[in-house]
Structures are given as structure tokens and as C-alpha cells.
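S.K.: In terms of numbering that gives the first Met the number 0, the numbers along the sequence shown are unbroken and rise by one, the last being 401.
Ideal Cβ placement from N, Cα and C applies to all residues, glycine included.
This is the structure I have questions about; it appears just below.
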Amino acid sequence: MKKSILIAIHYLEIGGAEISLIGFLQSIDYSKYDVDLFVYSHRGELLEYIPKQVNLLKEIGVYAHMEASVGTALKRGYFGLVLRRVWAKIRYAFYKIKHPSLDNHPLHNIISESVLPILPKIGRKEGYNLAISYLQPHNIVLKKVSAAKKACWIHTDYACVGVDVQQEIGVWSAYDNIVSISEDVTNSFLSVFPSLKNKILLLKNILSADFVRQRTLEIEEKEIRKEMPKLEGGVNILSVGRFCYAKNYDNVPDICRRIINKGCRICWYLIGYGSDEELIRKKIKEAGVEKNVVILGKKANPYPYIKSCDIYMQPSRFEGNSVTVREAQILAKPVVITAYPTSGSQVEDGQDGIIVPQDNEGCATAMAEIIKDKVLIEKIRAGVVKKNFENKEQINVLDTMF
Numbered sequence: 000m001k002k003s004i005l006i007a008i009h010y011l012e013i014g015g016a017e018i019s020l021i022g023f024l025q026s027i028d029y030s031k032y033d034v035d036l037f038v039y040s041h042r043g044e045l046l047e048y049i050p051k052q053v054n055l056l057k058e059i060g061v062y063a064h065m066e067a068s069v070g071t072a073l074k075r076g077y078f079g080l081v082l083r084r085v086w087a088k089i090r091y092a093f094y095k096i097k098h099p100s101l102d103n104h105p106l107h108n109i110i111s112e113s114v115l116p117i118l119p120k121i122g123r124k125e126g127y128n129l130a131i132s133y134l135q136p137h138n139i140v141l142k143k144v145s146a147a148k149k150a151c152w153i154h155t156d157y158a159c160v161g162v163d164v165q166q167e168i169g170v171w172s173a174y175d176n177i178v179s180i181s182e183d184v185t186n187s188f189l190s191v192f193p194s195l196k197n198k199i200l201l202l203k204n205i206l207s208a209d210f211v212r213q214r215t216l217e218i219e220e221k222e223i224r225k226e227m228p229k230l231e232g233g234v235n236i237l238s239v240g241r242f243c244y245a246k247n248y249d250n251v252p253d254i255c256r257r258i259i260n261k262g263c264r265i266c267w268y269l270i271g272y273g274s275d276e277e278l279i280r281k282k283i284k285e286a287g288v289e290k291n292v293v294i295l296g297k298k299a300n301p302y303p304y305i306k307s308c309d310i311y312m313q314p315s316r317f318e319g320n321s322v323t324v325r326e327a328q329i330l331a332k333p334v335v336i337t338a339y340p341t342s343g344s345q346v347e348d349g350q351d352g353i354i355v356p357q358d359n360e361g362c363a364t365a366m367a368e369i370i371k372d373k374v375l376i377e378k379i380r381a382g383v384v385k386k387n388f389e390n391k392e393q394i395n396v397l398d399t400m401f
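Below is the structure:
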């Protein structure tokens with residue numbers, strides 16, 4: 000008899016965790032497992048890539064509007080949800096007074112705790128063999144899904160976010176397994192929650208090279224060149240990701256200016272969306288690099304752009320394990336990343352990528368040297384061609400969760 004699994008995630012818009020979930024779903028042996036997928040809000044470009052063997056559960060309105068604007072939720076009649084979210088904001092305001100040193104990391108936990116009483120149960124009444132919470136907050140799957148075993152995922156570097164250990168430990172410890180996407184992510188998580196060591200399982204992000212390569216063919220090169228023209232005598236740099244603090248795109252204009260001042264001709268393109276876009280545009284203007292840092296915005300298919308760039312750059316402040324870096328490696332791009340705490344588990348420095356300093360001047364100096372060193376660029380390109388970045392064998396860890 001097949002074992003039953005429920006997997007829950009917020010939505011399937013373009014993002015590292017969402018793409019890694021698609022790779023995970025595409026690698027499951029469906030002769031062994033029946034899989035229900037609960038997507039809180041049925042939105043996102045990746046919905047069409049859910050394997051046909053997966054049963055996508057119907058959207059439930061109150062879940063779909065958990066992250067909607069208050070105005071939208073009111074128009075749709077979710078008055079109880081609105082009141083709970085207002086209460087969560089009040090709770091969070093008092094929480095920030097008591098914990099001024101923490102960032103906004105606990106906010107999603109407070110919101111989910113506040114709305115939990117009005118959320119209906121998810122999935123089969125008889126329950127599942129295994130329930131997976133793929134993204135935080137993890138208390139929803141914990142409380143609203145019936146399952147013999149439960150597992151949740153870590154996608155970020157916990158040493159770099161403001162964590163209230165006392166607030167979170169109860170949820171993490173209630174899971175049977177906590178799945179980490181890299182050794183460095185494991186170490187950073189255990190530096191905050193050392194008592195949870197025995198619950199950790201390592202399952203690196205699974206990607207499909209065929210999926211990535213096939214999607215590069217969906218847009219013709221000439222169409223890409225209209226937005227990202229080839230730079231004669233220079234290089235096109237590309238970064239892809241959400242416009243948020245972790246990705247550090249607000250420092251890209253200053254880094255770019257410094258690279259140009261070192262005698263390099265570059266154009267640095269940014270694909271993504273998020274709350275920091277206005278800040279990034281302000282920094283572009285301040286640095287005077289309006290022609291050299293170009294925001295392309297959100298792209299449902301970023302892969303043709305990655306294929307067409309000269310260097311893929313990830314300038315992050317912190318990462319769990321960047322999916323777009325590995326996608327760029329799959330496409331044989333020279334990859335450069337900053338020395339964020341988990342960078343050592345992301346690339347083998349000097350072999351399949353290059354790690355540069357995080358400070359703006361150090362980053363710019365190293366980038367200028369790389370741009371001028373054609374031999375090094377070709378060495379990195381040759382290095383990524385030799386490697387397999389899919390991690391499909393990692394799916395065997397799924398059996399361990401039972």
C-alpha cells in the first residue's frame with residue numbers, strides 16, 4: 000500500500016524555496032507515495048509545473064487571504080481573519096517594545112498563532128502517514144493536519160536572523176524531523192537550537208537540469224537581447240532574487256560604481272521584485288549608475304536571462320543555499336557569490352564559483368579582477384560543466400521521515 004503525504008506551502012511564485020519544492024515533487028517515486036499538495040493561495044508561475052501525479056487540494060478562502068491586504072480580505076467577507084490580523088499587529092507592536100533588538104522574523108509566527116483558531120483543518124480527515132511544512136510558519140501544519148509523522152524545512156541561515164528561541168522552540172521541537180538544505184544551514188540552526196540536533200535530516204535542494212535547460216528555450220535570444228543587449232568590450236552581470244534585505248541588492252549600485260572606477264565596463268541587471276525596490280532605485284540614482292544598474296523586474300521565466308549573461312552574481316548578506324546560484328551553474332555560467340556565512344557549502348571557491356568579500360570595496364576589487372581575468376572565468380566555466388548540481392539522489396531521505 001502506498002504511503003500518504005501532505006505537503007503545504009504558501010504559494011508557488013518564483014522563489015528559491017518554491018523552485019526547490021518543484022524539484023522535490025518531480026523526484027518523488029509515485030509508485031510508493033500518494034501526495035496531496037496544499038497551496039494556501041493558488042497563485043504563482045510554478046503552479047503549472049506541479050507533476051500530474053500530485054493531487055493539488057482545493058484552495059480554502061481563509062488560507063488564501065492570510066497574506067492579502069486587509070482591504071481585500073474585508074471585501075471578500077473574511078471579517079474574523081481581519082480582526083485576528085489586527086490583533087496580531089497589536090501583539091507584535093508590544094513584542095517589539097519588549098524585544099527591540101530583534102528584527103521582524105517573529106512576525107509571521109505571531110500572525111499565524113493569532114489566526115490559527117479560525118483556520119479549518121487541512122486535507123484528509125483520516126490523516127496522512129507524513130505531513131510536510133515546506134515554509135514557515137510551521138505551526139499551521141502542526142495544528143491543522145492529522146499525520147503519524149511530521150517534518151518541516153529550514154531554508155535560511157538562522158544565525159543571521161533575529162530569533163526568539165523561547166517563542167519558536169515549542170513548534171520546532173514538536174516535529175519529528177527538521178529538514179536542513181545544507182551542512183552550513185544545519186550548523187547555523189543548531190547554534191541557535193542546540194537541543195534539536197537529533198531531529199535534523201539533511202536533504203539538499205533537488206533541481207532538475209532538464210527543467211532549467213528546457214525553459215531557456217522558451218524565449219528567443221533576440222528577445223532577451225532587447226532587454227539585456229550584449230555589451231561590446233564589457234560584461235553583463237545578472238542577479239536574480241527577491242528585493243529584500245537578505246539579498247543585499249541595495250548595495251549593488253555602490254559596488255557597480257566602484258567596479259566601473261576600476262576600469263571595467265559593465266551593466267548589472269536585477270531580476271526580481273519585493274519591498275526593497277524603491278530603496279534600490281534610490282541607491283542607483285545616488286551612485287549615478289542609472290545606465291549601469293538596470294532593474295528588469297519580475298520574470299516568470301528568468302532562465303533565458305541567466306543563460307545570456309556573462310557572469311551570475313549573488314551579492315547576499317545571508318542565504319540558506321541559493322537555488323538561483325545552482326541554476327546558473329547548471330547553465331554553465333561563471334558564478335560569483337559574496338562570503339556570506341553559508342557560502343562554503345554553496346560553491347567550491349576557485350573551482351565551480353568564486354567567493355568574494357562582502358564589503359562593497361572588497362567585493363568591487365575582487366569583481367574587477369575577475370572581470371579582467373579571462374583565464375579564470377573560463378576555468379570556472381569548465382568547472383561547472385563537469386559537475387552534477389541536481390541532487391536527485393537526496394530524495395531517498397524521504398524514506399527516513401517515515
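Mapping the DSSP letters down to three states, classify K196 as helix, strand or coil.
M.R.: Stepping through the sequence shown from its first residue, residue 196 is reached at position 197. The answer is helix: DSSP assigns K196 an H, G or I state.
S.K.: Within the region 106-185, note down every full beta strand (DSSP E) run reaching 3 residues or more, in order along the chain.
M.R.: 127-132, 146-153 and 176-179
S.K.: Who pairs with N54 in a beta bridge, going by DSSP?
M.R.: The count along the sequence shown starts at 1 and reaches residue 54 at position 55. DSSP, once it has assigned bridges, lists D35 as partnering N54.
S.K.: Taking all protein chains shown into account, do 16 or more other C-beta atoms lie within 10 angstroms of the C-beta of A147, making it buried, or fewer, making it exposed?
M.R.: Counted from its first residue, the sequence shown places residue 147 at position 148. Counting the other CB atoms within 10 Å of its CB gives A147 a total below 16, which places it among the exposed residues.
S.K.: Check this for me: beta carbons of A338 and I353, under 8 angstroms apart or not?
M.R.: Residue 338 sits at position 339 when you count from the first residue of the sequence shown. Residue 353 sits at position 354 when you count from the first residue of the sequence shown. Not in contact: A338 and I353 (Cβ atoms no closer than 8 angstroms).
S.K.: For V234, which residues in the same chain have their Cβ closer than 7 angstroms to its Cβ, ignoring the five residues on either side in sequence?
M.R.: Walking along the sequence shown from the start, residue 234 turns up at place 235. Excluding residues within five positions, the ones whose Cβ falls inside 7 angstroms are I265, D309, I310 and I370.
S.K.: Do Y133 and I6 have their beta-carbon atoms positioned less than 8 angstroms apart in this structure?
M.R.: The sequence position of residue 6 within the sequence shown is 7, counting from 1. The sequence position of residue 133 within the sequence shown is 134, counting from 1. It is a contact, given that the beta carbons lie within the stated cut-off.
S.K.: Considering Cα atoms alone, identify which of W267, Y272 and N390 is closest to K290.
M.R.: Working through the sequence shown from its first residue, we reach residue 290 at position 291. The shortest C-alpha separation from K290 is found at W267.
S.K.: Round the Cβ separation of P314 and N250 to the nearest angstrom and send it over; I've been treating them as touching at under 8 angstroms.
M.R.: On the sequence shown, residue 314 is found 315 positions in, with the first residue counted as 1. On the sequence shown, residue 250 is found 251 positions in, with the first residue counted as 1. The Cβ separation is near 7 angstroms, so the contact holds.
S.K.: Do the CB positions of L82 and H64 come within less than 8 angstroms of each other?
M.R.: Here the question's residue 82 lines up with position 83 in the sequence shown. Here the question's residue 64 lines up with position 65 in the sequence shown. Going by C-beta atoms, L82 is not nearer than 8 angstroms to H64.
S.K.: Between the Cα of F188 and the Cα atoms of I254, L118 and W152, which residue gives the shortest distance?
M.R.: By 1-based counting over the sequence shown, the position of residue 188 is 189. Put simply, of I254, L118 and W152 the residue whose alpha carbon is nearest the alpha carbon of F188 is W152.
S.K.: Tell me the residue span of the alpha helix (DSSP H) that contains T323.
M.R.: Residue mapping note: residue 323 aligns to position 324 of the sequence shown, counting from 1. V322 to I329 is the extent of the alpha helix (DSSP H) around T323.
S.K.: For D183, count the other beta carbons within 10 Å of its own beta carbon; 16 or more makes it buried, fewer makes it exposed. Which is it?
M.R.: Taking the sequence shown and counting its residues from 1, the one referred to as residue 183 is at position 184. The residue in question, D183, is buried, as its Cβ has 16 or more Cβ neighbours within 10 Å.
S.K.: Quick one: complete alpha helix (DSSP H) runs, 4+ long, within the region 272-343?
M.R.: As far as the region 272-343 is concerned, its whole alpha helix (DSSP H) runs of at least 4 residues are 276-286, 302-307 and 322-329.
S.K.: Can you tell me the Cα-Cα spacing of Y48 and I21, whole angstroms?
M.R.: Position 49 of the sequence shown, counting from 1, holds the residue named residue 48. Position 22 of the sequence shown, counting from 1, holds the residue named residue 21. Here the C-alpha atom of Y48 lies approximately 7 angstroms from the C-alpha atom of I21.
S.K.: Just to check my reading of the structure: N390 and L206 have Cβ atoms closer than 8 angstroms, yes? What is that Cβ distance to the nearest angstrom?
M.R.: The residue labelled residue 390 in the question sits at position 391 within the sequence shown. The residue labelled residue 206 in the question sits at position 207 within the sequence shown. Going by Cβ atoms, the distance from N390 to L206 rounds to 7 angstroms, so yes, they are a contact pair.
S.K.: So, using beta-carbon positions, are V383 and D348 closer together than 8 angstroms?
M.R.: The residue given as residue 383 occupies position 384 in the sequence shown. The residue given as residue 348 occupies position 349 in the sequence shown. It is not a contact, given that the beta carbons lie outside the stated cut-off.
S.K.: To the nearest angstrom, how far is it from the Cα of N387 to the Cα of A208?
M.R.: The count along the sequence shown starts at 1 and reaches residue 387 at position 388. The count along the sequence shown starts at 1 and reaches residue 208 at position 209. C-alpha separation (whole angstroms): 9 angstroms.
S.K.: D372 by DSSP, collapsed to three states: which one?
M.R.: The sequence position of residue 372 within the sequence shown is 373, counting from 1. It is coil, neither helix nor strand.
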